[in-house]
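Everything on this sheet refers to the single structure shown next.
Number of protein chains: 2
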Amino acid sequence: MKLDERKRFILKAIIDDYIFSAEPIGSRTIARKYNMGISPATIRNEMADLEEMGYLEQPYTSSGRVPSDKGYRFYVDFLMKNEKLTEKEISEISGVFKKKITEIEDVIEQATKVLSDMTNYTSLVLGPQLNKSSLKHLQILPIDEGKALVIVVTNTGLVEHCFIKVPIEFTGSDLTRISNLINSKVQGLSINKITPSLLSKLKKEIINMDDVIDLVMNITIQSLNKLDGNKIYLGGATNLLSHPEFKDIDKAKKFLLFLEEKQILYNILTEASFSNEDLVVTIGSENKYELVQDCSLITTTYKVAGKTIGIIGVLGPTRMDYSKVISVVDYIKLIMNKIFSELFNDDK
Amino acid sequence: MKLDERKRFILKAIIDDYIFSAEPIGSRTIARKYNMGISPATIRNEMADLEEMGYLEQPYTSSGRVPSDKGYRFYVDFLMKNEKLTEKEISEISGVFKKKITEIEDVIEQATKVLSDMTNYTSLVLGPQLNKSSLKHLQILPIDEGKALVIVVTNTGLVEHCFIKVPIEFTGSDLTRISNLINSKVQGLSINKITPSLLSKLKKEIINMDDVIDLVMNITIQSLNKLDGNKIYLGGATNLLSHPEFKDIDKAKKFLLFLEEKQILYNILTEASFSNEDLVVTIGSENKYELVQDCSLITTTYKVAGKTIGIIGVLGPTRMDYSKVISVVDYIKLIMNKIFSELFNDDK
DNA sequence: ATTAGCACTCTATCCAGGAGAGTGCTAATC
DNA sequence: GATTAGCACTCTCCTGGATAGAGTGCTAAT
């Protein structure tokens, strides 16, 4: 049985209302609010149909109706109208990113904050995954006797450092020489091109320095991995406490602890982005992890030159303002694409 | 009127019990639990006295008694017995710090985590304040045409970096020369020694490079400031939700938002540490900020070579296990002192 | 097909009553 | 004079019943 025009209208009305009020919606409410020219009784019949078809649920006998996950899915896919951001919202978002930005991390942090502020839900951002990034420059600086600092710079402008121990007899120019050698061999290579065989070739060229080479290369690889963007940024965790879904303190606590499990968040984000869709909405029980099965997640990927380099998402209760969140997520994605494209091209 | 032995015993018994149970304590409870050889009626009289003197309070007429802030103060200063950490706790704490530690930030993060885990309250750590730290090494690396990376290393082993724009005609050796010049003048100087007059002297020596010098020095100063440890680390914020004091979701939310105000936390921590005491306990209304006036804060400072370089603290409800927290804070402070002394001496 | 009418269901709220914990006071006791 | 038993009293918390309110489902009329 397909949903006719009237059923769709009623379903949409109920979900719109429920998203706003968080209370079960009754037939009279709908009849009063939308002047449809039909009586509550008719609406009741339609609602009974919609329930039988699985789009609505009743918290208890003869209470009002509440959308089911299937209902939300239909709403998101077919009913919801595309809400445009207001001028004010657009300027608010743009304003945040107007400040001059030098560090990639700043962009991410701003995005995280503005995502949660604008939606009043919790935002998740997966930092740029730069396994497509490559080594731009490597430098070993002498610091103390027997101690040196390795600096790794990627073509994407990320910098990582680490102290290492070196044989005490090494001078600064020794280290510079090693840096130059490594640079000449490895510069421009992406991380997955730096293989053991390459390393052993390198070692042959720098005789008697095996230990240092090993150490430096390990650190380089580690650094590149570290910069690989596996870091999850989290914003507005406390926002969730304003929603009635989390009025139970125990549930709220469980959820906040859940948000500290970065590995799980990482999985959730990346799994969602496997889809071909540009923007993915995962509703309630569609989620794998039990604790978020009464939540919905809206994610999208940000890109540079057509390549996905990271993910942003918003997590909130299933009763989420999908339209609003989709608009915000989409707009912020666009801004991030722009900023990163500029940053990376600048860097070439 | 001074507190005689028996009043002290009763006050201590009530506070001990209340810290454990979070319920108002009645005379019968005390009589039954501690076989004092006196009847509940006698204890009742003593409790009435203690209330009149301001050490106890009654939530409502003829309910049991609850400690007042004054009561807690007396308890902390005179009554509380010094709880020793168990073997298990000691090995648990030490275990966390056993992993090899290379970065100062790791130490701080570990300390934050273990502080909150061991106490089940919220931990605050103010990172090493290194305005006593000095410039160890400065290096400008060419990255792209017209673009360079400034690396600043302090004697305390912290590293900061920043990209700058340089005149396009500068070569790598130009930059190295500038680095060397700056190094020779500024190396070893603490940040407050880097004055405008010193800078203008520097500029005279490197003619025609005013702009770059300015830029680099600004970044150096900024970096040193940034490394200055004003960063607040926060641990176990959700721990507070387990305590009945925060069972009201609204209060919990307010509190969690409060914990995001790093500037205020910074003030709270530093103000507490102005005291001459090694370990400072600030109880309830002794706190300046209204939102924490039903909380207590226990802070201490960690040092290197007798110099205070940072602060650690635990924030929890006034009904806090003072004895336990003091032991934990104290022990972790000792470990941090040791680790930092080693780290910094290593660095000389 | 729609709707008015009505009986019915379930929740939430209010209120009264009783149990329970605890106090304060008084008078008796040590 | 300190201590205590006894007792009336206070206040909270829990329970259960009564009621109002929102909303449904069904039936019969339109």
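Chains as they are written, first to last, in our numbering: chain A, 826 to 1173; chain B, 826 to 1173. Even for Gly, the Cβ is constructed at its ideal location relative to N, Cα and C.
- Using a 10 angstroms sphere on the CB of L1084(B), the tally of other CB atoms reaches 16 or more, which defines it as buried.
- Given a length threshold of 3 residues, each whole run of the beta strand (DSSP E) inside the segment 919 to 984 of chain B is given here in chain order: 947 to 951, 960 to 969, 972 to 979.
- A Cβ-Cβ separation of about 6 Å places S893(B) in contact with G879(B) under the 8 Å criterion.
- Interface flag for K924(B) against chain A is unset, since no Cβ pair is found closer than 8 Å.
- Where G1061(B) is concerned, there is no enclosing alpha helix (DSSP H), because DSSP gives it neither an H nor an E.
- Below the 7 Å Cβ cutoff, chain A contributes no neighbours of K1056(B), its closest Cβ being approximately 14 Å away.
- Listed in chain order, the positions of the segment 943 to 969 of chain A with a beta carbon within less than 9 Å of a beta carbon of chain B are K961, H962, Q964, L966, P967, I968, D969.
- The three-state reading of DSSP puts P849(A) in coil, since its state is none of H, G, I, E or B.
- Counting along the chain, the unbroken beta strand (DSSP E) around V1106(A) starts and ends at 1104 to 1108.
- By the CB criterion at 8 Å, Y1156(B) and L910(B) fall inside the cutoff.
- Residue range 1087 to 1097 is occupied by the alpha helix (DSSP H) that includes T1095(A).
- Taking the beta carbon of L1006(A) as reference, no residue of chain B falls within 9 Å; the closest one sits roughly 16 Å away.
- Excluding its 5 nearest sequence neighbours in each direction, M1145(A) has C-beta neighbours in its own chain below 6 Å: S1121, listed in chain order.
- Residue nearest to K913(B) within the set Y885(B), T937(B), M943(B) is M943(B) (criterion: CA-CA distance).
- Here K1132(A) carries a strand assignment [DSSP, helix/strand/coil].
- The beta carbon of T1126(B) sits closer than 6 Å to the beta carbons of S1098, T1133, I1136 from its chain, once the five residues preceding and following it are set aside; these are given in chain order.
- By the Cβ test, the segment 1157 to 1168 of chain A is not in contact with the segment 826 to 841 of chain B, since fewer than three Cβ pairs between them sit closer than 8 Å.
- Residues of chain B with a Cβ closer than 7 Å to the Cβ of V978(A) are, in chain order, I968, L974.
- Counted as a single uninterrupted DSSP element, the alpha helix (DSSP H) harbouring S1009(A) occupies residues 997 to 1011.
- In its chain, beyond the 5 residues on either side, Q935, I1160, I1164 have a beta carbon closer than 7 Å to the beta carbon of F922(B).
- At least 8 Å separates the beta-carbon of V984(A) from that of L963(A).
- A straight-line Cα-Cα distance of about 36 Å links P849(A) and L951(A).
- Looking at F988(B), I965(B), G1013(B), V975(B), the one whose alpha-carbon comes closest to that of D999(B) is I965(B).
- Approximately 18 Å separates the beta-carbon atoms of L1104(B) and T937(B); this is outside 8 Å, ruling out the contact.
- In the structure shown, L881(A) falls within a strand segment according to DSSP collapsed to helix, strand and coil.
- The beta carbon of K1087(A) is closer than 7 Å to those of I1057 in its chain, skipping five residues each way along the sequence.
- In the displayed model, S888(A) falls within coil according to three-state DSSP, outside both helix and strand.
- Taking the Cβ atoms as the reference, G920(A) lies roughly 36 Å from L960(A), outside the contact range of under 8 Å.
- Look at I1157(A) here: in three-state DSSP terms it is helix.
- With a threshold of 16 other beta carbon atoms within 10 Å, E994(B) falls short and is exposed.
- Interface flag for L1081(B) against chain A is set, since a Cβ pair is found closer than 8 Å.
- Taking all protein chains shown into account, R890(B) has 16 or more neighbouring C-beta atoms within 10 Å of its C-beta and is therefore buried.
- Taking the beta carbon of I1074(B) as reference, the chain A residues within 7 Å of it are L1066, K1072, I1074, A1077, listed in sequence order.
- If you look at D1073(B), you'll find it isn't in any alpha helix (DSSP H); DSSP assigns it neither H nor E.
- Using a CB distance cut-off of 8 Å, T1063(B) counts as an interface residue toward chain A.
- Using a Cβ distance threshold of 8 Å, K832(A) and L875(A) count as a contacting pair.
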